[in-house]
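Take a look at the structure set out below.
Residue numbers (UniProt numbering): 1 to 328.
As C-alpha coordinates, this is what we get:
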(Lines of atoms letter the chains of each structure in order from A and count residues from 1; the text may use other names and numbers.)
(Lines give C-alpha, C1' and ligand atoms only; values in the text may rest on other atoms or scores of the structure.)
Protein backbone atom coordinates (compact mmCIF):
# COMPACT_ATOMS: atom_id res chain seq x y z
CA UNK A 1 0.00 0.00 0.00
CA UNK A 2 1.51 3.28 -1.14
CA UNK A 3 2.04 5.91 1.56
CA UNK A 4 -0.29 8.90 1.45
CA UNK A 5 1.22 12.09 0.09
CA UNK A 6 0.77 15.23 2.15
CA UNK A 7 -1.86 17.64 0.81
CA UNK A 8 -0.46 20.71 -0.91
CA UNK A 9 -1.11 23.99 0.82
CA UNK A 10 -3.47 26.27 -1.08
CA UNK A 11 -1.83 29.42 -2.33
CA UNK A 12 -4.02 32.50 -2.48
CA UNK A 13 -3.86 34.51 -5.65
CA UNK A 14 -2.55 38.03 -5.39
CA UNK A 15 -5.09 40.78 -5.91
CA UNK A 16 -4.85 42.51 -9.28
CA UNK A 17 -3.18 45.88 -9.37
CA UNK A 18 -5.19 47.39 -12.23
CA UNK A 19 -8.54 46.81 -13.88
CA UNK A 20 -9.56 48.70 -17.01
CA UNK A 21 -8.33 52.27 -16.43
CA UNK A 22 -8.43 52.02 -12.63
CA UNK A 23 -5.52 51.50 -10.26
CA UNK A 24 -6.57 49.25 -7.36
CA UNK A 25 -5.34 50.60 -4.02
CA UNK A 26 -5.86 48.34 -0.97
CA UNK A 27 -6.37 50.22 2.28
CA UNK A 28 -6.37 48.67 5.75
CA UNK A 29 -9.52 49.47 7.71
CA UNK A 30 -9.28 50.29 11.44
CA UNK A 31 -10.30 47.72 14.02
CA UNK A 32 -13.86 47.89 15.33
CA UNK A 33 -14.98 46.84 18.75
CA UNK A 34 -17.20 43.78 18.90
CA UNK A 35 -15.71 42.06 15.85
CA UNK A 36 -13.73 38.78 16.01
CA UNK A 37 -9.95 38.75 15.73
CA UNK A 38 -9.85 37.43 12.17
CA UNK A 39 -11.63 40.65 11.05
CA UNK A 40 -8.70 42.79 12.18
CA UNK A 41 -6.65 44.43 9.44
CA UNK A 42 -9.45 43.99 6.92
CA UNK A 43 -8.67 45.20 3.41
CA UNK A 44 -10.82 47.56 1.42
CA UNK A 45 -10.07 48.06 -2.26
CA UNK A 46 -10.34 51.54 -3.72
CA UNK A 47 -10.32 52.17 -7.49
CA UNK A 48 -8.59 55.36 -8.67
CA UNK A 49 -8.23 56.87 -12.15
CA UNK A 50 -8.02 60.33 -13.74
CA UNK A 51 -11.38 62.03 -13.82
CA UNK A 52 -12.83 62.02 -17.36
CA UNK A 53 -16.61 62.73 -17.29
CA UNK A 54 -18.82 62.63 -20.37
CA UNK A 55 -19.33 66.40 -20.08
CA UNK A 56 -15.90 68.03 -19.65
CA UNK A 57 -15.32 70.67 -16.99
CA UNK A 58 -12.44 73.03 -16.23
CA UNK A 59 -11.31 70.92 -13.24
CA UNK A 60 -10.98 67.57 -15.06
CA UNK A 61 -7.21 67.86 -15.58
CA UNK A 62 -6.56 68.38 -11.87
CA UNK A 63 -8.97 65.83 -10.39
CA UNK A 64 -9.09 62.08 -9.72
CA UNK A 65 -12.12 59.80 -9.63
CA UNK A 66 -12.26 57.34 -6.73
CA UNK A 67 -14.73 54.44 -6.84
CA UNK A 68 -15.77 52.13 -3.98
CA UNK A 69 -14.83 54.57 -1.24
CA UNK A 70 -15.29 53.39 2.39
CA UNK A 71 -18.69 54.03 3.91
CA UNK A 72 -17.29 56.50 6.47
CA UNK A 73 -15.38 58.56 3.92
CA UNK A 74 -15.30 62.30 4.54
CA UNK A 75 -13.36 65.17 3.05
CA UNK A 76 -11.05 65.29 6.07
CA UNK A 77 -9.89 61.66 5.95
CA UNK A 78 -9.44 61.73 2.17
CA UNK A 79 -7.32 64.86 2.55
CA UNK A 80 -5.32 63.05 5.24
CA UNK A 81 -4.92 60.00 3.00
CA UNK A 82 -3.23 61.98 0.22
CA UNK A 83 -1.37 64.38 2.51
CA UNK A 84 0.12 61.81 4.91
CA UNK A 85 0.50 58.58 2.94
CA UNK A 86 0.31 59.39 -0.79
CA UNK A 87 2.94 62.02 -1.50
CA UNK A 88 1.46 65.04 0.30
CA UNK A 89 -0.59 66.38 -2.61
CA UNK A 90 -2.83 69.29 -1.66
CA UNK A 91 -6.57 68.74 -2.12
CA UNK A 92 -8.87 71.65 -2.92
CA UNK A 93 -12.22 69.90 -2.36
CA UNK A 94 -13.94 66.51 -2.50
CA UNK A 95 -17.32 65.95 -4.20
CA UNK A 96 -19.23 62.90 -2.91
CA UNK A 97 -22.35 61.03 -3.92
CA UNK A 98 -25.41 61.35 -1.72
CA UNK A 99 -25.11 60.17 1.87
CA UNK A 100 -27.27 57.77 3.93
CA UNK A 101 -29.50 59.18 5.24
CA UNK A 102 -29.37 62.19 2.97
CA UNK A 103 -28.44 65.44 4.66
CA UNK A 104 -31.42 67.84 4.77
CA UNK A 105 -31.17 70.84 2.48
CA UNK A 106 -31.97 73.77 4.74
CA UNK A 107 -33.46 76.96 3.33
CA UNK A 108 -31.15 79.89 3.77
CA UNK A 109 -32.72 82.99 5.29
CA UNK A 110 -30.24 85.39 6.81
CA UNK A 111 -29.48 89.04 6.18
CA UNK A 112 -26.44 89.55 4.03
CA UNK A 113 -24.00 92.09 5.46
CA UNK A 114 -22.64 92.94 2.04
CA UNK A 115 -26.10 94.02 0.86
CA UNK A 116 -26.49 96.35 3.83
CA UNK A 117 -23.23 98.06 3.02
CA UNK A 118 -23.85 98.27 -0.71
CA UNK A 119 -27.12 100.08 -1.35
CA UNK A 120 -26.95 99.65 -5.13
CA UNK A 121 -27.16 95.88 -5.00
CA UNK A 122 -29.69 95.77 -2.21
CA UNK A 123 -32.79 96.84 -4.16
CA UNK A 124 -33.12 94.00 -6.66
CA UNK A 125 -31.92 91.33 -4.27
CA UNK A 126 -34.21 92.52 -1.50
CA UNK A 127 -37.21 92.45 -3.82
CA UNK A 128 -36.40 88.89 -4.90
CA UNK A 129 -35.89 87.80 -1.30
CA UNK A 130 -39.20 89.30 -0.17
CA UNK A 131 -41.10 87.57 -2.98
CA UNK A 132 -39.41 84.25 -2.17
CA UNK A 133 -40.08 84.63 1.54
CA UNK A 134 -43.74 85.44 1.03
CA UNK A 135 -44.17 82.49 -1.34
CA UNK A 136 -42.47 80.01 0.95
CA UNK A 137 -43.77 78.78 4.28
CA UNK A 138 -41.63 77.86 7.24
CA UNK A 139 -37.96 78.74 7.01
CA UNK A 140 -35.41 76.35 8.51
CA UNK A 141 -31.64 76.46 8.76
CA UNK A 142 -29.00 74.68 10.78
CA UNK A 143 -29.88 76.61 13.95
CA UNK A 144 -33.65 76.11 13.86
CA UNK A 145 -33.70 72.52 12.52
CA UNK A 146 -34.15 69.59 14.86
CA UNK A 147 -30.93 67.96 16.14
CA UNK A 148 -29.47 65.12 14.08
CA UNK A 149 -30.14 61.60 15.36
CA UNK A 150 -27.22 59.90 13.57
CA UNK A 151 -23.53 60.43 14.40
CA UNK A 152 -21.94 61.65 11.17
CA UNK A 153 -22.58 60.74 7.54
CA UNK A 154 -22.32 57.38 5.82
CA UNK A 155 -21.91 56.68 2.12
CA UNK A 156 -23.64 54.06 0.06
CA UNK A 157 -21.69 50.88 -0.58
CA UNK A 158 -19.70 51.30 -3.78
CA UNK A 159 -20.09 55.08 -3.89
CA UNK A 160 -17.63 57.31 -5.67
CA UNK A 161 -16.00 60.67 -5.12
CA UNK A 162 -14.16 63.24 -7.22
CA UNK A 163 -11.03 64.64 -5.57
CA UNK A 164 -10.09 68.05 -6.97
CA UNK A 165 -6.48 69.12 -6.37
CA UNK A 166 -5.05 72.63 -6.33
CA UNK A 167 -3.31 72.22 -9.69
CA UNK A 168 -2.58 69.72 -12.46
CA UNK A 169 0.86 68.75 -11.14
CA UNK A 170 -0.60 67.81 -7.75
CA UNK A 171 -3.17 65.53 -9.38
CA UNK A 172 -0.51 63.83 -11.52
CA UNK A 173 1.81 63.47 -8.54
CA UNK A 174 -0.97 61.92 -6.45
CA UNK A 175 -1.79 59.38 -9.18
CA UNK A 176 1.89 58.45 -9.59
CA UNK A 177 2.21 58.02 -5.83
CA UNK A 178 -0.85 55.73 -5.80
CA UNK A 179 0.63 53.60 -8.58
CA UNK A 180 3.98 53.50 -6.77
CA UNK A 181 2.36 52.42 -3.49
CA UNK A 182 0.47 49.63 -5.27
CA UNK A 183 3.62 48.45 -7.05
CA UNK A 184 5.67 48.39 -3.84
CA UNK A 185 2.90 46.71 -1.84
CA UNK A 186 2.91 49.51 0.72
CA UNK A 187 0.39 49.23 3.56
CA UNK A 188 -2.04 52.18 3.52
CA UNK A 189 -4.07 52.72 6.69
CA UNK A 190 -7.53 54.24 6.51
CA UNK A 191 -8.34 56.76 9.23
CA UNK A 192 -11.85 56.66 10.61
CA UNK A 193 -14.07 59.67 10.00
CA UNK A 194 -16.47 61.45 12.27
CA UNK A 195 -19.15 58.79 11.83
CA UNK A 196 -19.07 55.98 14.37
CA UNK A 197 -19.34 52.42 13.03
CA UNK A 198 -20.41 49.10 14.44
CA UNK A 199 -22.13 48.88 17.81
CA UNK A 200 -21.00 52.38 18.80
CA UNK A 201 -22.98 53.89 15.96
CA UNK A 202 -26.26 52.47 17.22
CA UNK A 203 -25.47 53.39 20.80
CA UNK A 204 -24.89 56.98 19.70
CA UNK A 205 -28.09 56.87 17.64
CA UNK A 206 -30.06 55.73 20.67
CA UNK A 207 -28.57 58.57 22.76
CA UNK A 208 -29.20 61.23 20.07
CA UNK A 209 -32.80 60.12 19.59
CA UNK A 210 -33.64 61.55 23.02
CA UNK A 211 -31.85 64.93 23.16
CA UNK A 212 -31.72 67.08 26.25
CA UNK A 213 -34.47 69.59 26.93
CA UNK A 214 -32.01 72.49 26.68
CA UNK A 215 -31.05 71.45 23.11
CA UNK A 216 -34.66 71.25 22.03
CA UNK A 217 -35.43 74.60 23.67
CA UNK A 218 -32.57 76.29 21.81
CA UNK A 219 -33.78 74.86 18.50
CA UNK A 220 -37.35 75.97 19.27
CA UNK A 221 -36.25 79.50 20.19
CA UNK A 222 -34.27 79.86 16.96
CA UNK A 223 -37.21 78.56 14.94
CA UNK A 224 -39.74 80.95 16.51
CA UNK A 225 -37.38 83.92 16.18
CA UNK A 226 -36.97 83.34 12.47
CA UNK A 227 -40.70 82.66 12.02
CA UNK A 228 -41.64 85.95 13.70
CA UNK A 229 -39.15 87.91 11.59
CA UNK A 230 -40.56 86.24 8.49
CA UNK A 231 -44.13 87.11 9.46
CA UNK A 232 -43.17 90.76 9.95
CA UNK A 233 -41.63 90.85 6.48
CA UNK A 234 -44.69 89.15 4.98
CA UNK A 235 -47.02 91.70 6.57
CA UNK A 236 -44.93 94.59 5.26
CA UNK A 237 -45.04 93.12 1.79
CA UNK A 238 -48.82 92.62 1.92
CA UNK A 239 -49.37 96.16 3.20
CA UNK A 240 -47.25 97.54 0.39
CA UNK A 241 -49.16 95.47 -2.19
CA UNK A 242 -52.53 96.69 -0.84
CA UNK A 243 -51.69 100.38 -0.92
CA UNK A 244 -49.44 100.87 -3.96
CA UNK A 245 -50.65 100.06 -7.50
CA UNK A 246 -48.47 98.01 -9.80
CA UNK A 247 -47.06 99.14 -13.14
CA UNK A 248 -50.42 98.54 -14.87
CA UNK A 249 -52.32 100.67 -12.38
CA UNK A 250 -53.99 97.79 -10.52
CA UNK A 251 -54.06 97.29 -6.78
CA UNK A 252 -53.41 93.83 -5.37
CA UNK A 253 -56.28 92.37 -3.36
CA UNK A 254 -55.04 90.22 -0.48
CA UNK A 255 -56.82 88.22 2.15
CA UNK A 256 -57.24 89.69 5.61
CA UNK A 257 -58.11 93.13 6.96
CA UNK A 258 -57.02 96.25 5.17
CA UNK A 259 -54.48 98.50 6.81
CA UNK A 260 -56.03 101.60 5.22
CA UNK A 261 -57.83 102.88 2.08
CA UNK A 262 -56.09 102.55 -1.23
CA UNK A 263 -54.53 105.68 -2.56
CA UNK A 264 -56.84 106.63 -5.46
CA UNK A 265 -54.62 109.54 -6.49
CA UNK A 266 -51.65 107.24 -6.97
CA UNK A 267 -53.76 104.82 -8.97
CA UNK A 268 -55.05 107.59 -11.28
CA UNK A 269 -51.55 109.00 -11.68
CA UNK A 270 -50.24 105.57 -12.53
CA UNK A 271 -53.00 105.06 -15.06
CA UNK A 272 -52.29 108.43 -16.70
CA UNK A 273 -48.60 107.59 -16.91
CA UNK A 274 -49.45 104.26 -18.50
CA UNK A 275 -51.68 105.89 -21.13
CA UNK A 276 -49.02 108.50 -21.87
CA UNK A 277 -46.43 105.77 -22.27
CA UNK A 278 -48.69 103.82 -24.63
CA UNK A 279 -49.36 106.96 -26.67
CA UNK A 280 -45.66 107.77 -26.82
CA UNK A 281 -44.64 104.26 -27.82
CA UNK A 282 -47.40 103.89 -30.44
CA UNK A 283 -46.50 103.89 -34.15
CA UNK A 284 -47.07 107.34 -35.66
CA UNK A 285 -49.19 107.84 -38.77
CA UNK A 286 -46.51 109.79 -40.66
CA UNK A 287 -43.63 107.50 -39.86
CA UNK A 288 -43.27 106.11 -43.41
CA UNK A 289 -43.06 108.09 -46.68
CA UNK A 290 -45.99 106.33 -48.33
CA UNK A 291 -48.14 107.35 -45.34
CA UNK A 292 -47.38 111.02 -46.07
CA UNK A 293 -48.30 110.57 -49.74
CA UNK A 294 -51.57 108.84 -48.88
CA UNK A 295 -52.41 111.54 -46.37
CA UNK A 296 -51.81 114.38 -48.91
CA UNK A 297 -53.82 112.52 -51.53
CA UNK A 298 -56.76 112.14 -49.15
CA UNK A 299 -56.66 115.89 -48.32
CA UNK A 300 -56.58 116.83 -52.01
CA UNK A 301 -59.47 114.51 -52.88
CA UNK A 302 -61.48 115.98 -50.01
CA UNK A 303 -60.91 119.54 -51.30
CA UNK A 304 -61.96 118.58 -54.83
CA UNK A 305 -65.06 116.85 -53.59
CA UNK A 306 -66.12 119.87 -51.51
CA UNK A 307 -65.40 122.23 -54.47
CA UNK A 308 -67.66 120.22 -56.79
CA UNK A 309 -70.36 120.12 -54.17
CA UNK A 310 -70.20 123.93 -53.75
CA UNK A 311 -70.28 124.52 -57.53
CA UNK A 312 -73.35 122.36 -57.99
CA UNK A 313 -75.10 124.13 -55.13
CA UNK A 314 -74.46 127.56 -56.69
CA UNK A 315 -75.80 126.46 -60.09
CA UNK A 316 -78.92 125.07 -58.49
CA UNK A 317 -79.53 128.33 -56.67
CA UNK A 318 -79.22 130.30 -59.94
CA UNK A 319 -81.69 128.10 -61.74
CA UNK A 320 -84.21 128.53 -58.95
CA UNK A 321 -84.11 132.33 -59.04
CA UNK A 322 -84.46 132.68 -62.76
CA UNK A 323 -83.03 135.40 -64.99
CA UNK A 324 -82.42 138.78 -63.40
CA UNK A 325 -83.91 141.83 -65.30
CA UNK A 326 -82.30 145.21 -64.81
CA UNK A 327 -84.60 148.14 -63.82
CA UNK A 328 -85.38 150.92 -66.27
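C-beta: ideal position from N, C-alpha, C; glycine also.
key: Span of the beta strand (DSSP E), counted from its first residue to its last, around residue 160   = DSSP places residue 160 in the uninterrupted beta strand (DSSP E) bounded by 160–165.
ask   = Are at least three pairs of beta-carbons, each pair with one atom in the region 63–71 and one in the region 158–168, less than 8 Å apart?
value = yes
inquiry  = Going by DSSP, what residue range makes up the beta strand (DSSP E) through residue 25?
reply    = 22–28
ask   = Which whole-angstrom value describes the C-beta separation of residue 152 and residue 193, a residue pair presumed to lie in contact below a C-beta threshold of 8 Å?
value = 6 Å
key: Bounding residues of the beta strand (DSSP E) (the contiguous stretch that carries residue 66)   = Segment 63–67, the beta strand (DSSP E) holding residue 66.
ask   = In angstroms, rounded to a whole number, what distance separates the CA positions of residue 85 and residue 27?
value = 11 Å
ask   = Three or more C-beta pairs closer than 8 Å, one from the region 79–93 and one from the region 164–183: is that the case here?
value = yes
request  = With DSSP as the reference, please indicate the residues paired to residue 47 in a beta bridge.
outcome  = Paired residues: 24 and 67.
task = Using three-state DSSP, classify residue 96 as helix, strand or coil.
result = strand
task = Output the boundary residues of the alpha helix (DSSP H) element that contains residue 31.
result = That residue, residue 31, is in no alpha helix (DSSP H); it is neither H nor E in DSSP.
inquiry  = Between the alpha carbons of residue 312 and residue 318, how many angstroms are there, rounded?
reply    = 10 Å
task = Answer with buried or exposed for residue 215, where buried requires no fewer than 16 other C-beta atoms within 10 angstroms of its C-beta.
result = exposed
ask   = Nearest-angstrom Cα distance between residue 190 and residue 207?
value = 27 Å
inquiry  = Looking only at its chain, what residues have a beta carbon closer than 7 Å to the beta carbon of residue 144, apart from the 5 residues adjacent to it on each side?
reply    = 219, 222, 223 and 226
ask   = Span of the alpha helix (DSSP H) holding residue 181?
value = 168–184
inquiry  = I'd like to check one pair, residue 182 with residue 25: are the Cβ atoms closer than 8 Å?
reply    = At the C-beta level, residue 25 and residue 182 come within 8 Å of one another.
ask   = Bridge partners of residue 91, per DSSP?
value = Under DSSP, residue 91 forms a beta bridge with 165.
key: Which of helix, strand or coil DSSP assigns to residue 232   = helix
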